[in-house]
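Read through the structure below, which is laid out as structure tokens, and then see the notes.
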Amino acid sequence: MSQFWKPGTEKPRILEDEEGGVVYLSHSLSSSSSSSSSSRYGYASIENQRQRLPVYKYRSAILYLVESHATSIIVGETGSGKTTQIPQYLKEAGWADGGRLIACTQPRRLAVQAVSSRVAEEMGVKLGEEVGYRIRFEDVTTPDVTRIKFLTDGVLLREMMDDPLLTKYSVIMVDEAHERSISTDMLLGLLKKIQRCRPELRLIISSATIEVKTMAAFFQPSKRRRRLEGDELGPKMDPAILSVEGRGFNVQIHYVEDPVSDYVRAAVSTVMLINDKEPAGDVLVFLTGEDDIDAAVKMLTEEAQNIKKSSSGLVILPLYSGLPRADQELVFSPTPRGKRKIVISTNIAETSLTLEGVVYVVDSGFSKQRFYNPISDLENLIVAPISKASARQRAGRAGRVRPGKCYRLYTEDYFAKEMSVEGIPEMQRSNLVSCVIQLKALGIDNILGFDWPASPSPEAMVRALEVLYSLGVLDDDAKLTSPVGFQIAEIPLEPMVSKMILSSNELACSEEIITIAAILSVQSIWASGRGAQKELDEAKLRFAAAEGDHVTFLNVYKGFLQSGKSSKWCYTNCVNYHAMKKAIEVRGQLRRIAQRLGIVLKSCERDMQVVRKAVTSGFFANACQLEAYSHGGMYKTIRGSQEVYIHPSSVLFRVNPKWIIYHSLVSTDRQYMRNVISIDPSWLIEAAPHFYKQRHNPVLH
Ligand code: ADP
Ligand code: MG
Numbered sequence: 001m002s003q004f005w006k007p008g009t010e011k012p013r014i015l016e017d018e019e020g021g022v023v024y025l026s027h028s029l030s031s032s033s034s035s036s037s038s039s040r041y042g043y044a045s046i047e048n049q050r051q052r053l054p055v056y057k058y059r060s061a062i063l064y065l066v067e068s069h070a071t072s073i074i075v076g077e078t079g080s081g082k083t084t085q086i087p088q089y090l091k092e093a094g095w096a097d098g099g100r101l102i103a104c105t106q107p108r109r110l111a112v113q114a115v116s117s118r119v120a121e122e123m124g125v126k127l128g129e130e131v132g133y134r135i136r137f138e139d140v141t142t143p144d145v146t147r148i149k150f151l152t153d154g155v156l157l158r159e160m161m162d163d164p165l166l167t168k169y170s171v172i173m174v175d176e177a178h179e180r181s182i183s184t185d186m187l188l189g190l191l192k193k194i195q196r197c198r199p200e201l202r203l204i205i206s207s208a209t210i211e212v213k214t215m216a217a218f219f220q221p222s223k224r225r226r227r228l229e230g231d232e233l234g235p236k237m238d239p240a241i242l243s244v245e246g247r248g249f250n251v252q253i254h255y256v257e258d259p260v261s262d263y264v265r266a267a268v269s270t271v272m273l274i275n276d277k278e279p280a281g282d283v284l285v286f287l288t289g290e291d292d293i294d295a296a297v298k299m300l301t302e303e304a305q306n307i308k309k310s311s312s313g314l315v316i317l318p319l320y321s322g323l324p325r326a327d328q329e330l331v332f333s334p335t336p337r338g339k340r341k342i343v344i345s346t347n348i349a350e351t352s353l354t355l356e357g358v359v360y361v362v363d364s365g366f367s368k369q370r371f372y373n374p375i376s377d378l379e380n381l382i383v384a385p386i387s388k389a390s391a392r393q394r395a396g397r398a399g400r401v402r403p404g405k406c407y408r409l410y411t412e413d414y415f416a417k418e419m420s421v422e423g424i425p426e427m428q429r430s431n432l433v434s435c436v437i438q439l440k441a442l443g444i445d446n447i448l449g450f451d452w453p454a455s456p457s458p459e460a461m462v463r464a465l466e467v468l469y470s471l472g473v474l475d476d477d478a479k480l481t482s483p484v485g486f487q488i489a490e491i492p493l494e495p496m497v498s499k500m501i502l503s504s505n506e507l508a509c510s511e512e513i514i515t516i517a518a519i520l521s522v523q524s525i526w527a528s529g530r531g532a533q534k535e536l537d538e539a540k541l542r543f544a545a546a547e548g549d550h551v552t553f554l555n556v557y558k559g560f561l562q563s564g565k566s567s568k569w570c571y572t573n574c575v576n577y578h579a580m581k582k583a584i585e586v587r588g589q590l591r592r593i594a595q596r597l598g599i600v601l602k603s604c605e606r607d608m609q610v611v612r613k614a615v616t617s618g619f620f621a622n623a624c625q626l627e628a629y630s631h632g633g634m635y636k637t638i639r640g641s642q643e644v645y646i647h648p649s650s651v652l653f654r655v656n657p658k659w660i661i662y663h664s665l666v667s668t669d670r671q672y673m674r675n676v677i678s679i680d681p682s683w684l685i686e687a688a689p690h691f692y693k694q695r696h697n698p699v700l701h
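Taking full-length UniProt numbering, the leading residue of the sequence shown gets 1, the next gets one more, and so forth.
What follows is the structure, encoded as structure tokens:
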């Protein structure tokens with residue numbers, strides 16, 4: 001039986017008895033007990049809440065497995081308490097005694113912050129003391145006091161550079177392993193190696209999906225090893241697998257009848273429809289990124305104002321990684337009585353974070369994903385279709401507190417026939433430059449022979465080696481050069497940015513380049529979410545530099561300092577105050593790192609040519625030449641002859657200098673270059689003679 005509905009047209013009808021895999025499974029708790037338990041939830045003591053979580057029943061089983069096995073794989077539905085509870089159980093059982101630490105990694109920074117503050121609250125301690133967190137450029141831990149530490153998988157990788165065996169940790173929980181982020185996969189490979197030297201180290205791999213065979217196989221010791229290591233005293237080397245029964249309630253799935261052309265608009269009308277026809281309950285909308293989320297928030301706010309009567313009770317909130325702390329907290333705070341919360345999120349709410357009270361999910365069917373093509377050597381952020389596994393996870397978010405509904409903005413046919421079963425590990429769709437330099441810095445020379453959970457493509461590996469060679473990071477034997485290679489590896493930024501910082505020393509413009517690096521490391525410094533595009537464009541014009549975005553950033557930074565770091569100044573100039581404050585903090589840290597590396601902090605004052613040269617020395621691989629004025633200016637990459645365009649948010653949009661370098665690419669209808677700067681092509685050969693060999697590029701000669 002199939003019935004369909006089109007967003008904004010009529011009330012969706014319920015689909016009963018759908019075919020395999022469509023209706024979300026419900027487990028142990030029956031729906032009859034649900035409504036009372038959800039309404040009581042807010043009043044329960046923290047201890048009581050903890051005991052109600054599905055993992056609680058498995059507390060002793062988990063502790064037993066961790067005690068007896070080197071590696072335990074724990075699977076459980078999102079919200080069952082894996083992330084917040086297991087580290088606490090470990091601590092209660094003594095794994096943090098004797099000055100040891102328990103680590104729990106997350107692929108996302110926002111999740112690290114949110115989860116650690118929740119755990120600190122549950123334990124009744126101040127965040128940063130017994131429970132702390134660490135993300136890049138932010139260390140909220142206290143030496144000798146912190147016992148449970150949440151951190152991004154990337155930061156744990158960095159910690160290995162100082163402490164290759166991660167000796168301070170007794171247990172490392174690699175959380176959200178199903179996401180298969182590139183850092184998670186690198187971490188898994190390295191931890192497996194560490195375990196051989198440190199059999200007392202315990203690993204917990206936790207995942208939201210049942211598909212754990214790959215993980216189990218990866219941690220299965222070879223027969224020979226098992227014989228060698230099979231002494232009775234240590235933990236068993238075979239991985240243990242434990243599945244936590246969730247308590248998700250039924251979720252009814254609704255599909256659109258015809259494909260939608262504009263998923264933002266469709267999402268907005270679906271929310272309005274839910275608000276109109278459905279009983280109380282919060283709505284979680286999955287879009288892809290800051291841009292479409294801000295657009296949806298704006299459209300919904302307008303619609304809500306138009307239909308005052310029924311929509312006065314809407315609390316509309318965005319959720320994405322660049323969000324200031326205060327806004328994040330709003331998302332987690334309980335919905336006021338009589339109101340309906342609408343959270344519009346990236347896929348961060350798919351499994352990393354649990355929002356209480358969600359009963360309706362609207363799934364656009366897309367997320368932003370990284371894609372790398374080793375042939376064209378372009379890495380892109382692309383709005384791409386999600387997998388069936390993701391679609392099921394998203395639907396499951398509606399069944400946390402009581403039976404819910406999920407509105408998929410794609411057809412049932414599309415779900416059944418076209419969606420891929422699972423996503424591709426990020427390792428296989430990324431540029432590997434950062435990955436290779438990190439492994440090299442950790443002394444792993446045979447990268448192709450490294451034991452990965454998913455092997456990267458040899459072409460991508462060759463490309464990465466080539467770029468690193470041209471950056472001066474690797475020598476002819478593919479070993480890290482000294483000092484440049486080691487210095488670049490030590491700066492916690494992409495190697496290309498780090499190279500730019502190193503070069504700024506000789507070019508005597510380190511102060512400017514560090515400012516640029518800091519600003520590039522935060523999300524956009526423009527307050528684009530506030531609405532009026534015209535206002536934003538005018539503000540940008542006040543700072544715009546003919547050289548491009550990087551120099552424009554320097555102007556904004558100068559203005560911000562002159563204003564006395566005023567938030568009012570930011571508001572008037574459409575600058576994102578929080579991003580600027582963050583950039584200033586990052587800048588301070590980068591200056592300290594630079595000084596440690598022997599870089600002299602110096603300003604070039606008004607000489608922007610040296611700044612552009614320094615950018616070129618790091619980003620030469622991203623050089624492009626203007627080909628035609630059509631479509632507002634078509635460029636081609638010098639190395640791969642790929643068609644690219646300047647993003648409309650750039651100050652060089654429609655200015656179209658002949659030679660430019662971009663910082664990153666995003667792809668929608670076309671490949672757009674974000675943050676571009678004009679250069680002189682002769683600098684390219686100067687910066688990377690090997691990379692721009694004459695026979696490849698007659699154009700430069
Ligand atoms: P899992 O890791 O299995 O997905 P979590 O440990 O993240 O589950 O979450 C368990 C429960 O803790 C959630 O269902 C929610 O009730 C509560 N919780 C987690 N984070 C927060 C938070 N930031 N604010 C309020 N409650 C939270
Ligand atoms: Mg979790």
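From the three backbone atoms N, C-alpha and C, an ideal C-beta is built for every residue, glycine too.
Remember, predicted model here, so these are calculated numbers, not experimental data.
query: Leaving out five residues before and five after proline 374 in sequence, what residues of the same chain have Cβ atoms less than 8 Å from its Cβ?; result: Ser457, Glu459, Ala460, Val462, Arg463
query: So, with DSSP's three-state summary, where would you put leucine 165?; result: coil
query: Is glycine 281 near the ligand ADP, with its Cβ less than 6 Å from a heavy atom?; result: no
query: Any heavy atom of the ligand ZN closer than 6 Å to the beta-carbon of alanine 266?; result: Although the ligand ZN was asked about, the structure shown includes only the ligand ADP and the ligand MG as ligands.
query: Going along the chain, which residues of its own chain have a beta-carbon closer than 6 Å to the beta-carbon of glutamine 642, five neighbours each way excluded?; result: Ser376, Leu378
query: Thinking tyrosine 255 and tyrosine 469 are a contact (beta carbons under 8 Å), I'd like their distance in whole angstroms, please.; result: Incorrect: roughly 50 Å between the Cβ atoms, too far for contact.
query: Put serine 364 into one of helix, strand or coil per three-state DSSP.; result: coil
query: Could you give the DSSP three-state label for lysine 693: helix, strand or coil?; result: coil
query: What's the gap between the Cα of valine 315 and the Cα of arginine 340?; result: 6 Å
query: Going by the C-beta, is lysine 602 closer than 6 Å to any heavy atom of the ligand MG?; result: no
query: May I ask you to report which of helix, strand or coil DSSP gives tyrosine 372?; result: strand
query: Is the CB-CB distance between valine 283 and tyrosine 372 below 7 Å?; result: no
query: Return the first residue and the last residue of the beta strand (DSSP E) that serine 664 is part of.; result: 659–667
query: Quick check: does the Cβ of threonine 83 come within less than 6 Å of any heavy atom belonging to the ligand MG?; result: yes
query: Please report the distance separating the alpha-carbon of alanine 508 from that of isoleucine 73.; result: 51 Å
query: Have a look at the DSSP bridge pairing and note the partners of lysine 636.; result: Gln625, Glu643
query: Go ahead and label serine 617 buried or exposed: buried means 16 or more other beta carbons lie within 10 angstroms of its beta carbon, across all protein chains shown.; result: buried
query: So, helix, strand or coil for cysteine 435, using DSSP?; result: helix
query: Secondary structure at histidine 701, three-state DSSP: helix, strand or coil?; result: Model confidence at histidine 701 stands at a pLDDT of 49, short of 50, so the residue's coordinates are unreliable; what they give is reported in the following sentence. The answer is coil: DSSP assigns histidine 701 none of H, G, I, E or B.
query: Grab the span of the beta strand (DSSP E) containing cysteine 406 for me, first residue to last.; result: 404–408
query: Give every residue of the same chain whose Cβ lies closer than 8 Å to the Cβ of arginine 429, excluding the five residues on either side of it in the sequence, and list them in chain order.; result: Gln369, Arg370, Phe371, Tyr372
query: Are the beta-carbon atoms of serine 117 and aspartate 153 separated by less than 7 Å?; result: no
query: Name the DSSP beta bridge partners of histidine 69, please?; result: Lys236
query: Mind checking whether alanine 518 and valine 586 have CB atoms under 7 Å apart?; result: yes
query: Distance check for alanine 103 and proline 221, CA to CA, integer angstroms please.; result: 23 Å
query: Using three-state DSSP, classify serine 36 as helix, strand or coil.; result: At serine 36, the pLDDT of 33 sits below 50, so the modelled position is not reliable; the number obtained from the coordinates is stated separately. Serine 36: helix per DSSP, three-state reduction.
query: The beta strand (DSSP E) spanning serine 207 covers which residue range?; result: 202–207
query: Does the distance between the C-beta of glutamate 356 and the nearest non-hydrogen atom of the ligand ADP fall short of 6 Å?; result: yes
query: Nearest-angstrom Cα distance between glycine 21 and arginine 596?; result: Since pLDDT at glycine 21 reaches only 25, below the 50 mark, its modelled position is unreliable, and the value read off the structure follows with that caveat. The straight-line gap from Cα to Cα measures roughly 55 Å.
query: Taking the C-alpha atoms as reference points, what is the distance between methionine 160 and isoleucine 638?; result: 37 Å
query: Look at the alpha carbon of isoleucine 382 and the alpha carbon of valine 666, and state the distance between them as a whole number of angstroms.; result: 6 Å
query: Could you give the first and the last residue of the continuous alpha helix (DSSP H) run that contains phenylalanine 553?; result: 549–562
query: Determine the burial state of threonine 668: buried for a count of at least 16 other Cβ atoms within 10 Å of its Cβ, exposed for fewer.; result: exposed
query: Kindly list the residues whose CB is nearer than 8 Å to the CB of aspartate 327, restricted to its own chain and excluding five residues on each side of it in sequence; keep chain order.; result: Leu317, Pro318
query: Any idea what DSSP makes of methionine 419, helix, strand or coil?; result: coil
query: On a CA-only basis, which of Ser170, Glu121, Ala61 is nearest aspartate 97? Give me that one, please.; result: Ser170
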